[in-house]
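**Student:**
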Amino acid sequence: MKVEAVTLREIQMPLVHPFETSFERTTQRRILLVTVHCEGAEGWGECVAGEGPFYLEEWIDGAWSVSKQFLIPAILGKTLNAGSDFPALVAKVRGNRMAKAGLENALWDAEAKAKSLPLWKLLGGTRQQIVCGVSIGIQETPEKLLEKIETEVAAGYQRIKIKVKPGWDVKVLEKIRARWPSILLSVDANSAYGLDDFAHLKSFDSFKLLMMEQPLFNDDTYYHAKLQAQIATSICLDESIRQARDAEVALETGACRIINIKVGRVGGFSEAIKIHDVAQRHGVPVWCGGMLESGIGRVQNIALSTLANFTLPGDVSASARYWHEDIVEPAVEVSTHGRIPVSDAVDMGYQVKREFIEKITVRKETLR
Ligand code: OSB
Ligand code: MG
58 MKVEAVTLRE IQMPLVHPFE TSFERTTQRR ILLVTVHCEG AEGWGECVAG EGPFYLEEWI
118 DGAWSVSKQF LIPAILGKTL NAGSDFPALV AKVRGNRMAK AGLENALWDA EAKAKSLPLW
178 KLLGGTRQQI VCGVSIGIQE TPEKLLEKIE TEVAAGYQRI KIKVKPGWDV KVLEKIRARW
238 PSILLSVDAN SAYGLDDFAH LKSFDSFKLL MMEQPLFNDD TYYHAKLQAQ IATSICLDES
298 IRQARDAEVA LETGACRIIN IKVGRVGGFS EAIKIHDVAQ RHGVPVWCGG MLESGIGRVQ
358 NIALSTLANF TLPGDVSASA RYWHEDIVEP AVEVSTHGRI PVSDAVDMGY QVKREFIEKI
418 TVRKETLR
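What follows is the structure, encoded as structure tokens:
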């Protein structure tokens, strides 16, 4: 697989509904797509860096810049055997995992095409269908949130996750549990709480949550371990797990009992698979997180979710929850039982809509 050229492009897509977390409100996505051109095989990747450095340190313009100046020059003109050769070639560059993942995943996609294998089989997946949940942002009123949950439960989603922050948590959870005493329910704080909040977080135990995602600092496992020892609810780490070594530390020290794997956050498929394997060895379940991806990232999340230890419903949901029109065809759909079937076709049954992508491209640069 000789890397002849790499194209970076930014597309812009308005969300169907604004998405609000404890750290920002997103109405329009700016998405960096990567295309690798390898002797006839073309691979696509999506960089999940957001519009600003608020979830983690990376953001789209930084990812573009580090890709152009450091990551792409490390692979241009080189012959790779596999997408998994990529991490060693860019090991010199610290961090910048979202930028790395955009490129690495594009290389895996090219490799899958060159080998005429669906990506999920190349990754080592085994599931013929994946189970889906939804992540619901902070709303203007609790009533609006209940309406949203009603819609998603009726659509068949198998787990509801709500975003929480101080002032938007216990009161809202009381209302949800009064209406749905036993749905699988979890919360995600995106690091909105601190060391003075342990008693408050312990009070969440009464809601019988499936998990509490990333309550504390985005770079921490130490205090999460202290918190986990004091509460019954399982902690799930998202932001804190950036590499397999972080997963080892978190599980050895009891900082969490569940891990959210986002391929973008951890630097690409190679590291995502390693984290999956670490968790599996510890008997700890994982699920696939989402970053408001377009169809390219979404289909790759489906592929990752077919690995054996993805036993909990992921944040991989239907395209129509995000986009008026997605960049793959057909759009990703979820069955009334909250499942996405996984196809054996080489393209997994989804085609990239090149013309539409060109139409929504605001900048593009090809490096050779
Ligand atoms: O923490 O899981 C998160 C979106 C942007 C940044 C961080 C997160 C999220 C989500 C959305 O929860 C999941 C989705 O794509 O639906
Ligand atoms: Mg999260």
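Residue numbers (the working numbering): 58 to 425. In this text, a Cβ means the ideal position worked out from N, Cα and C, and glycines have one as well. Bear in mind that the values here come from a model prediction, so they are computed numbers and not experimental data.
Does DSSP classify residue 235 as helix, strand or coil?
**Tutor:** Residue 235 falls in the helix class under three-state DSSP.
**Student:** Do you know offhand how far residue 414's Cα is from residue 68's?
**Tutor:** For residue 414 and residue 68, the distance between alpha carbons rounds to 7 Å.
**Student:** Who does residue 317 pair with in a DSSP beta bridge?
**Tutor:** DSSP lists 344 as partners of residue 317.
**Student:** Ignoring anything shorter than 4 residues, give me the alpha helix (DSSP H) runs that lie fully in the stretch 343–379, in order along the chain.
**Tutor:** Counting only runs of 4 or more, we get 352–361.
**Student:** On a CA-only basis, which of 115, 275 and 131 is nearest residue 60? Give me that one, please.
**Tutor:** Measuring from the Cα of residue 60, the nearest candidate turns out to be 131.
**Student:** So, are the CB atoms of residue 299 and residue 314 less than 9 Å apart?
**Tutor:** Taking 9 Å as the Cβ cut-off, residue 299 and residue 314 do not qualify as a contacting pair.
**Student:** Under the criterion of a Cβ to heavy atom distance below 8 Å, does residue 303 qualify as lining the ligand MG?
**Tutor:** No, the Cβ of residue 303 stays beyond 8 Å of every heavy atom of the ligand MG.
**Student:** With the cut-off set at 9 Å, would you say residue 108 and residue 58 are in Cβ contact?
**Tutor:** Going by C-beta atoms, residue 108 is not nearer than 9 Å to residue 58.
**Student:** I'd like to confirm something about residue 351: is its beta-carbon nearer than 8 Å to some heavy atom of the ligand OSB, or not?
**Tutor:** Answer for residue 351: no, Cβ out of range of the ligand OSB.
**Student:** Starting from the N-terminal side, write out each stretch of the beta strand (DSSP E) that is 3 residues or longer and does not extend beyond the stretch 190–278.
**Tutor:** Whole beta strand (DSSP E) segments, 3+ residues: 191–193, 217–220, 242–245 and 268–270.
**Student:** Just confirm the distance between the C-beta atoms of residue 326 and residue 165, as a whole number of angstroms; I'd bet it's less than 8 Å.
**Tutor:** Yes, residue 326 and residue 165 are in contact; Cβ-Cβ is about 5 Å, under 8 Å.
**Student:** Taking contact to mean 3 or more Cβ pairs, one atom from each stretch, closer than 8 Å, check whether the stretch 367–380 and the stretch 122–140 are in contact.
**Tutor:** The answer is no - the stretch 122–140 does not touch the stretch 367–380, with fewer than three Cβ pairs under 8 Å.
**Student:** For residue 59, write down the residues that DSSP places opposite it in a beta bridge.
**Tutor:** DSSP, once it has assigned bridges, lists 136 as partnering residue 59.
**Student:** State buried or exposed for residue 247, treating a residue as buried only when at least 16 other CB atoms are found within 10 Å of its CB.
**Tutor:** Buried is the call here.
**Student:** Where does the unbroken beta strand (DSSP E) through residue 101 begin, and where does it stop?
**Tutor:** That run of the beta strand (DSSP E) goes 98–104.
**Student:** Taking C-beta to C-beta, are residue 62 and residue 174 nearer than 9 Å?
**Tutor:** No, the Cβ-Cβ distance between residue 62 and residue 174 is not below 9 Å.
**Student:** What number of angstroms, rounded off, separates the C-alpha of residue 182 from the C-alpha of residue 239?
**Tutor:** Distance between the alpha carbons of residue 182 and residue 239 is about 31 Å.
**Student:** How would you label residue 154, buried or exposed, when you count the other beta carbons within 10 angstroms and need 16 or more for buried?
**Tutor:** So residue 154 counts as buried.
**Student:** Bridge partners for residue 186 per DSSP, in chain order?
**Tutor:** Answer is 398, bridged to residue 186.
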